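**Student:** Sequence lines, in order, name chains E and P. No gaps in the numbering here: position 163 of the first sequence is 162 in numbering that gives the first Met the number 0, and each next residue is one more. No gaps in the numbering here: position 186 of the second sequence is 185 in numbering that gives the first Met the number 0, and each next residue is one more.
2 protein chains.
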Amino acid sequence: MKCPMSSESACLSMESRASAAPAPRALPYYVAFSQLLGLTVVATTGAWLGLYRGGIAWESALQFNVHPLCMVIGLVFLQGDALLVYRVFRNEAKRTTKVLHGLLHVFAFIIALVGLVAVFDYHRKNGYADLYSLHSWCGILVFVLYFVQWLVGFSFFLFPGASFSLRSRYRPQHIFFGATIFLLSLGTALLGLKEALLFKLGTKYSTFEPEGVLANVLGLLLASFGVAVLYILTRGDWKRPPQAEEQALSMDFKTLTEGDSPSSQ
Amino acid sequence: MKCPMSSESACLSMESRASAAPAPRALPYYVAFSQLLGLTVVATTGAWLGLYRGGIAWESALQFNVHPLCMVIGLVFLQGDALLVYRVFRNEAKRTTKVLHGLLHVFAFIIALVGLVAVFDYHRKNGYADLYSLHSWCGILVFVLYFVQWLVGFSFFLFPGASFSLRSRYRPQHIFFGATIFLLSLGTALLGLKEALLFKLGTKYSTFEPEGVLANVLGLLLASFGVAVLYILTRGDWKRPPQAEEQALSMDFKTLTEGDSPSSQ
Numbered sequence: 000m001k002c003p004m005s006s007e008s009a010c011l012s013m014e015s016r017a018s019a020a021p022a023p024r025a026l027p028y029y030v031a032f033s034q035l036l037g038l039t040v041v042a043t044t045g046a047w048l049g050l051y052r053g054g055i056a057w058e059s060a061l062q063f064n065v066h067p068l069c070m071v072i073g074l075v076f077l078q079g080d081a082l083l084v085y086r087v088f089r090n091e092a093k094r095t096t097k098v099l100h101g102l103l104h105v106f107a108f109i110i111a112l113v114g115l116v117a118v119f120d121y122h123r124k125n126g127y128a129d130l131y132s133l134h135s136w137c138g139i140l141v142f143v144l145y146f147v148q149w150l151v152g153f154s155f156f157l158f159p160g161a162s163f164s165l166r167s168r169y170r171p172q173h174i175f176f177g178a179t180i181f182l183l184s185l186g187t188a189l190l191g192l193k194e195a196l197l198f199k200l201g202t203k204y205s206t207f208e209p210e211g212v213l214a215n216v217l218g219l220l221l222a223s224f225g226v227a228v229l230y231i232l233t234r235g236d237w238k239r240p241p242q243a244e245e246q247a248l249s250m251d252f253k254t255l256t257e258g259d260s261p262s263s264q
Numbered sequence: 000m001k002c003p004m005s006s007e008s009a010c011l012s013m014e015s016r017a018s019a020a021p022a023p024r025a026l027p028y029y030v031a032f033s034q035l036l037g038l039t040v041v042a043t044t045g046a047w048l049g050l051y052r053g054g055i056a057w058e059s060a061l062q063f064n065v066h067p068l069c070m071v072i073g074l075v076f077l078q079g080d081a082l083l084v085y086r087v088f089r090n091e092a093k094r095t096t097k098v099l100h101g102l103l104h105v106f107a108f109i110i111a112l113v114g115l116v117a118v119f120d121y122h123r124k125n126g127y128a129d130l131y132s133l134h135s136w137c138g139i140l141v142f143v144l145y146f147v148q149w150l151v152g153f154s155f156f157l158f159p160g161a162s163f164s165l166r167s168r169y170r171p172q173h174i175f176f177g178a179t180i181f182l183l184s185l186g187t188a189l190l191g192l193k194e195a196l197l198f199k200l201g202t203k204y205s206t207f208e209p210e211g212v213l214a215n216v217l218g219l220l221l222a223s224f225g226v227a228v229l230y231i232l233t234r235g236d237w238k239r240p241p242q243a244e245e246q247a248l249s250m251d252f253k254t255l256t257e258g259d260s261p262s263s264q
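Following this line, the structure appears as structure tokens:
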């Protein structure tokens, strides 16, 4: 934005108005739809475990059921919502939005950790082997990547050490790997669902048992939630607009690196 | 680019030079790596079917094995490569690149169709039920979406009827759904692999049978190929630069819609 030095205050107030622009008209509907899908995924997982797997408990054979429920709440629903924070909170201070993004990921991580402990503890108590299936290989990989991504994201964007230029260079990588880890989490959930179904139903799966049909619907819902979140994330015109404070920072940076005056950019 | 009317020919030659700019330095290495991964995926699928499933034939119980091989070649490797066409062929005429993109999808579709016929024919001959599993539901959905996406893409971008403005508005949707269908194809392949493994190995899967370990590795390779293709597709600075002809068209369009003169944009 060209801003003649004589009317700087007028320019700033224009920028503030621009940065408090209303969200794109269709965005709230898409976000609402994604939340409806996400809650339906969690509810359907609960219904599946309640109706066909005897519900949930820590100290019994039902301990296994803690695993799918925690993973769906943590690494599907909350992880997806953490990615959407920058699309939903468009006019709040960048730092507040960052903290919310980081916190949602912390909640997701803790819930997923409970789910992980549940399955290892269940295996140990029953003498089952660990980490032999594709689901478990993908799951451990995703969990480690998720932790590393959080640590690196925290040290670059929330810890006050990293320079503006370092943040700018890391940001696209953080976004790409964030979306990728979310998609890998969804793929891992689908593999786990399939594994749980086939171990129990075996060839009965092909007779359209009600549990099989419900689990198939759950699988489609999981995939649909992923597509909805990805669509909202990748729509170019729905990206969070840069705020006045960020524009000023970006100008300062341009000035420092290119020797330009902020008003001539 | 500002181009004073007095030196139009100089400007045009500058544009030609710009449009024949060399590819970003790292891009060829990433593309080579993705191709290595893709070929390894196809080879590992062949090795799995050859070593543990008796190989491939149409008129026998081996007919089933045609299905995974065709799906991996068509809906994973070729579909992925069709998406990469615009990153690899950066300086060729837009129309040539489009035709190659469309043709690769046609090959992928035909090979996938053979794979689909193989599994339905195998089921019919053996009296097995069709379309009961999550893998089959996702598979049919992906196959139909792939066909519709191709048809709509063809009528917008290759059939000479659609206007420039219609194409511009449809392009982001085409790109999003193209990438989504590719990811859904990969997810479906992983579900199918898991299904084939569990039906045959059952509880022996947990004893680290060589077939199980090879199939797990194949699963990780499939996921890695997806991540590699997605990374190349989404790197903003690796997008195909607009060519002189497209810039001219875009200027004409701007002129028509905004009443601007091409040289003043």
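Cβ coordinates follow ideal geometry from the N, Cα and C atoms, glycine included. As the structure is a prediction and not an experimental result, all values here were calculated from the model.
Which ranges does the beta strand (DSSP E) cover as unbroken runs of at least 3 residues, wholly within the stretch 119-193 of chain E, from first to last along the chain?
**Tutor:** Runs of the beta strand (DSSP E) inside the stretch 119-193 of chain E: none found.
**Student:** E/S59 by DSSP, collapsed to three states: which one?
**Tutor:** As a position in the first sequence, residue 59 of chain E is number 60, starting the count at 1. Looking at E/S59 - three-state DSSP - the assignment turns out to be coil, as it is neither helix nor strand.
**Student:** Quick one: which residues of the stretch 169-180 of chain P get their C-beta closer than 8 Å to a C-beta of chain E? List them in chain order.
**Tutor:** The residues in question are P171, F175, T179.
**Student:** Would you grab the beta carbon distance between E/L192 and E/G225 for me? Rounded to a whole angstrom, and I think it's under 8 Å.
**Tutor:** Stepping through the first sequence from its first residue, residue 192 of chain E is reached at position 193. Stepping through the first sequence from its first residue, residue 225 of chain E is reached at position 226. So it is not a contact: roughly 14 Å between Cβ atoms.
**Student:** Which two residues bound the contiguous alpha helix (DSSP H) that contains P/Y230?
**Tutor:** Locating residue 230 of chain P in the second sequence gives position 231, where the first residue counts as 1. 209-233 is the span of the alpha helix (DSSP H), which, as asked, contains P/Y230.
**Student:** Between which two residues does the alpha helix (DSSP H) containing P/G49 stretch?
**Tutor:** Sequence index remark: in the second sequence, residue 49 of chain P carries index 50 (1-based). That run of the alpha helix (DSSP H) goes 26-51.
**Student:** Checking 7 Å against the spacing of the C-beta atoms, do P/Y131 and E/F207 come in under that value?
**Tutor:** If you number the second sequence from 1, residue 131 of chain P lands on position 132. If you number the first sequence from 1, residue 207 of chain E lands on position 208. Cβ distance < 7 Å, so P/Y131 and E/F207 count as in contact.
**Student:** Rounded to whole angstroms, what is the Cα-Cα separation between P/R269 and E/A31?
**Tutor:** Nothing in the structure corresponds to residue 269 of chain P, since chain P is present only between 0 and 264.
**Student:** Applying the 10 Å Cβ sphere with the 16-neighbour rule, what's the burial state of E/A195?
**Tutor:** Position 196 of the first sequence, counting from 1, holds the residue named residue 195 of chain E. Buried, since its Cβ has 16 or more Cβ neighbours within 10 Å.
**Student:** What three-state label does DSSP hand E/K238 in the structure shown?
**Tutor:** Residue 238 of chain E sits at position 239 when you count from the first residue of the first sequence. Three-state result, E/K238: coil.
**Student:** Can you list the residues of chain E that P/S265 reaches, using a CB-CB cut of under 9 Å?
**Tutor:** Past the boundaries of the shown model lies residue 265 of chain P; chain P is included only from 0 to 264, so the question cannot be answered.
**Student:** Counting Cβ pairs closer than 8 Å, one from the stretch 135-150 of chain P and one from the stretch 197-206 of chain P, do we hit at least three?
**Tutor:** Taking 8 Å as the limit for Cβ pairs, the verdict is that the stretch 197-206 of chain P does not touch the stretch 135-150 of chain P.
**Student:** Looking at chain E, is there any beta carbon in it that lies within less than 7 Å of the beta carbon of P/T187?
**Tutor:** Position 188 of the second sequence, counting from 1, holds the residue named residue 187 of chain P. Chain E contact via Cβ: absent.
**Student:** Once the 5 residues before and after E/S223 are set aside, which same chain residues still bring their CB inside 7 Å of it?
**Tutor:** Along the first sequence, one-based indexing puts residue 223 of chain E at 224. Excluding sequence neighbours, E/S223 sits near L36.
**Student:** Can you find the residues in the same chain that come closer than 8 Å, C-beta to C-beta, to E/F155, ignoring five residues on each side of it along the sequence?
**Tutor:** Reading the first sequence from its first residue, position 156 is the one you call residue 155 of chain E. Answer for E/F155: A161, L165, R166, Y169, H173, listed in chain order.
**Student:** Run the CB neighbour count on E/N125, radius 10 Å, all protein chains shown included, and call it buried at 16 or more, exposed below.
**Tutor:** Residue numbering aside, residue 125 of chain E sits at position 126 when the first sequence is read from its first letter. Classification of E/N125: exposed, given that the 10 Å Cβ count is below 16.
**Student:** Check whether the Cβ of E/L213 lies closer than 6 Å to any heavy atom of the ligand GDP, and answer yes or no.
**Tutor:** This structure lacks the ligand GDP, and indeed carries no ligand of any kind.
**Student:** Could you say if the stretch 79-96 of chain E and the stretch 171-191 of chain P meet the contact criterion of at least three C-beta pairs nearer than 8 Å?
**Tutor:** Segments in contact, no.
**Student:** Comparing the C-beta of P/Q264 with each C-beta of chain E, is any distance below 7 Å?
**Tutor:** For this step, residue 264 of chain P is matched to residue 265 along the second sequence. Reliability of the predicted coordinates at P/Q264 is poor, the pLDDT of 33 falling under 50, and the value obtained from them is presented with this limitation in mind. Chain E, which has no Cβ nearer than 7 Å to the Cβ of P/Q264, makes this no.
**Student:** Flag P/A321 as yes if its beta-carbon sits less than 7 Å from any beta-carbon of chain E, otherwise no.
**Tutor:** The first residue shown for chain P is 0 and the last is 264, placing residue 321 of chain P beyond what the model contains.
**Student:** In angstroms with no decimal places, state the Cα-to-Cα distance between P/H273 and P/Q78.
**Tutor:** Lying before the first or after the last residue shown, residue 273 of chain P is absent from chain P, which here runs from 0 to 264.
**Student:** Which of helix, strand or coil does DSSP assign to E/N64?
**Tutor:** To locate residue 64 of chain E, count along the first sequence from 1; it is residue 65. Helix at E/N64.
**Student:** Does E/G37 have its Cβ less than 7 Å from a Cβ in chain P?
**Tutor:** By one-based count along the first sequence, residue 37 of chain E stands at place 38. Cβ-Cβ to chain P under 7 Å: no for E/G37.
**Student:** Just to make sure I have the definition right: I need the residues of chain E whose C-beta is within less than 7 Å of the C-beta of P/L270. Which are they?
**Tutor:** In the structure displayed, chain P extends from 0 to 264; residue 270 of chain P sits before or after that span and is not available.
**Student:** Figure out for me which residue from P/Q148, P/L112, P/V212, P/P241 has the closest Cα to the Cα of P/G73.
**Tutor:** The residue labelled residue 73 of chain P in the question sits at position 74 within the second sequence. When only C-alpha atoms are compared, the closest one is P/L112.
**Student:** Thinking just about the alpha-carbon of each residue, which of P/A46, P/A188, P/P21, P/H100 is nearest to the one in P/H134?
**Tutor:** On the second sequence, residue 134 of chain P is found 135 positions in, with the first residue counted as 1. Ranking P/A46, P/A188, P/P21, P/H100 by Cα distance to P/H134 puts P/A188 first.
**Student:** Determine the burial state of P/S184: buried for a count of at least 16 other Cβ atoms within 10 Å of its Cβ, exposed for fewer.
**Tutor:** What you label residue 184 of chain P is simply residue 185 of the second sequence in a count that begins at 1. Counting Cβ neighbours within 10 Å, P/S184 comes out buried, since at least 16 surround it.
**Student:** Note down, in chain order, every chain P residue with its Cβ under 8 Å from the Cβ of E/V41.
**Tutor:** Against the first sequence, residue 41 of chain E aligns to sequence position 42. Near E/V41 there are no residues of chain P at all, since even the closest Cβ is about 18 Å away, more than 8 Å.
**Student:** Would a check of beta-carbon distances place P/T233 closer than 7 Å to chain E?
**Tutor:** For the purposes of this step, residue 233 of chain P is taken as residue 234 along the second sequence, with counting starting at 1. Answer yes: the Cβ-Cβ gap between P/T233 and chain E drops below 7 Å somewhere.
**Student:** Taking buried to mean at least 16 other C-beta atoms within 10 Å of its own C-beta, is P/Y28 buried or exposed?
**Tutor:** The residue labelled residue 28 of chain P in the question sits at position 29 within the second sequence. It is exposed - the Cβ of P/Y28 has fewer than 16 other Cβ atoms within 10 Å.
**Student:** Among residues of its own chain, excluding the 5 on either side of P/D88, which ones have a beta-carbon nearer than 6 Å to its beta-carbon?
**Tutor:** As a first step, residue 88 of chain P is located in the second sequence; it is residue number 89 there, counting from the start. The sequence given here places Phe at residue 88 of chain P; Asp does not occur at that position. The answer, listed in chain order, is T96.
**Student:** Pick from P/T44, P/V216, P/L83: whose alpha carbon is nearest that of P/L103?
**Tutor:** The residue given as residue 103 of chain P occupies position 104 in the second sequence. Closest by alpha carbon: P/L83.
**Student:** Please compile the residues from chain P whose C-beta is within a distance smaller than 7 Å of the C-beta of E/W136.
**Tutor:** Position 137 of the first sequence, counting from 1, holds the residue named residue 136 of chain E. Residues of chain P passing the Cβ test: N215, L219.
**Student:** Would you mind working out which of E/A117, E/A46, E/F153 sits nearest E/Q62, comparing C-alpha positions?
**Tutor:** Indexing the first sequence from 1 puts residue 62 of chain E at position 63. E/Q62 has its Cα closest to that of E/A117, out of E/A117, E/A46, E/F153.
**Student:** Would you tell me roughly how many angstroms separate the C-alpha atoms of P/W47 and P/V41, rounded to the nearest one?
**Tutor:** Residue numbering aside, residue 47 of chain P sits at position 48 when the second sequence is read from its first letter. Residue numbering aside, residue 41 of chain P sits at position 42 when the second sequence is read from its first letter. Between P/W47 and P/V41, the C-alpha separation is close to 10 Å.
**Student:** Give me the Cα-Cα distance between E/R16 and E/V71, rounded to the nearest whole angstrom.
**Tutor:** Within the first sequence, the letter at position 17 stands for residue 16 of chain E. Within the first sequence, the letter at position 72 stands for residue 71 of chain E. Residue placement at E/R16 cannot be trusted, given a pLDDT of 43 that sits under 50; what the coordinates show is reported in the next sentence. The alpha-carbon atoms of E/R16 and E/V71 are separated by roughly 39 Å.
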